[in-house]
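In the working numbering, the protein residues as written are 64 to 269.
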Amino acid sequence: MGDMPYPARLLNPDESVALDLHPHWWFFAESVTSFVVSGVLWLFVFGQDEAKSYLTYPIGVIALGALVWLFVRYLKWRTTYFVITSDRLIYRHGVIAKAGIEIPLERVNNVNFKQGIFERIIGAGDLLIESGGEDGQQRFSDIAKPEKVQNLIHMQMEDNQKRSFSVNVAGGNDVATQIEKLEGLRDRGSITAEEFDAQKQRLLNS
Numbered sequence: 064m065g066d067m068p069y070p071a072r073l074l075n076p077d078e079s080v081a082l083d084l085h086p087h088w089w090f091f092a093e094s095v096t097s098f099v100v101s102g103v104l105w106l107f108v109f110g111q112d113e114a115k116s117y118l119t120y121p122i123g124v125i126a127l128g129a130l131v132w133l134f135v136r137y138l139k140w141r142t143t144y145f146v147i148t149s150d151r152l153i154y155r156h157g158v159i160a161k162a163g164i165e166i167p168l169e170r171v172n173n174v175n176f177k178q179g180i181f182e183r184i185i186g187a188g189d190l191l192i193e194s195g196g197e198d199g200q201q202r203f204s205d206i207a208k209p210e211k212v213q214n215l216i217h218m219q220m221e222d223n224q225k226r227s228f229s230v231n232v233a234g235g236n237d238v239a240t241q242i243e244k245l246e247g248l249r250d251r252g253s254i255t256a257e258e259f260d261a262q263k264q265r266l267l268n269s
């Protein structure tokens, strides 16, 4: 099954991709099951002389329809992306007509994942992402290894905050505001107490 990466032309300058996912293989479960069942049934009927004349054709049509459904699902799988970059989360889908959601990392408030027992066995699940603004909570289904994806999002958020802080310091924002942001990074565990003290002292001496 060929993999198609997220188009580099859609990235911003200096933006890097940390994770590029298509939906988990469970995305194909219903269409594959329909095709296999209808195909096996057609082969069985085809081997029965007394039933061949009036059952082979309609069951063959059903099997063909299931194959078309499977092909359409493959096209949707191939053109559906869940991407984590250094700046944002991207969900994009569509074969001809395109649609998507973009959430800047600085607007992400909370990231949760949800897995049932069977989903844990196969390594799939849903991600629930809460963000500021009008979007509220977004649910992304058929995510492979959602717990690891959740952890990676948190890591990218921390890296993004550190870069933003460095840019703000270079831009000359007031010291009190920068120290407050440093405290937030320290409290979230993004920087150590020693790093906080060193950065704070540098700001006070600047």
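Where is the CB? At the ideal position from N, CA and C, for every residue including glycine.
Quantities reported herein were computed from a predicted structural model and do not represent experimental measurements.
Is leucine 215 near isoleucine 125, with beta carbons less than 7 Å apart?
no
Contact set for threonine 96: own chain, Cβ-Cβ below 8 Å, skip 5 residues either direction
Counting only Cβ-Cβ distances below 8 Å, and skipping sequence neighbours, we find nothing.
Just how far apart, CA to CA, sit lysine 263 and proline 209?
Whole-angstrom Cα-Cα distance: 36 Å.
Could you name each continuous alpha helix (DSSP H) segment of 4 residues or more that falls completely within the region 72-134, going from the start of the chain to the end?
92-109
In the structure shown, what three-state DSSP assignment does glutamine 201 receive?
strand
From serine 79 to isoleucine 166, what does the alpha carbon distance come to, in whole angstroms?
15 Å
Is it true that the CB of tryptophan 132 sits closer than 7 Å to the CB of phenylalanine 90?
no
Beta-carbon within less than 7 Å of proline 86's beta-carbon, same chain only, minus the 5 sequence neighbours each way: which residues are those?
Here the set comprises Trp140, Thr143 and Asp205.
For serine 193, the first and last residue of its enclosing beta strand (DSSP E):
The question names serine, but residue 193 is glutamate in the sequence shown. Counting along the chain, the beta strand (DSSP E) containing glutamate 193 begins and ends at 187-194.
At the level of alpha carbons, what is the spacing between glutamate 221 and alanine 71?
23 Å
CA-CA distance, proline 68 and aspartate 83?
7 Å
Span separating the alpha-carbon of glutamate 93 from that of lysine 177:
21 Å
Cutoff 6 Å; reference serine 149; Cβ partners in own chain excluding five residues on either side:
Correct list, in chain order: Glu78 and Ser79.
For glycine 247, which three-state DSSP category applies?
helix
Got a sec? Which residues, its chain only, sit under 7 Å from glycine 188 by beta carbon, not counting five neighbours each side?
Phe176, Lys177, Gln178, Glu182, Ile206 and Pro209
Going by DSSP, what residue range makes up the beta strand (DSSP E) through isoleucine 254?
Per DSSP, isoleucine 254 belongs to no beta strand (DSSP E) and is neither H nor E.
Here's a check: name, in chain order, each residue in its chain whose Cβ is nearer than 7 Å to the Cβ of asparagine 172, leaving out the five neighbours to either side.
Glu193, Ser194 and Gly195
If you compare alpha carbons, which of Gly123, Gly199 and Leu138 is closest to alanine 160?
Leu138
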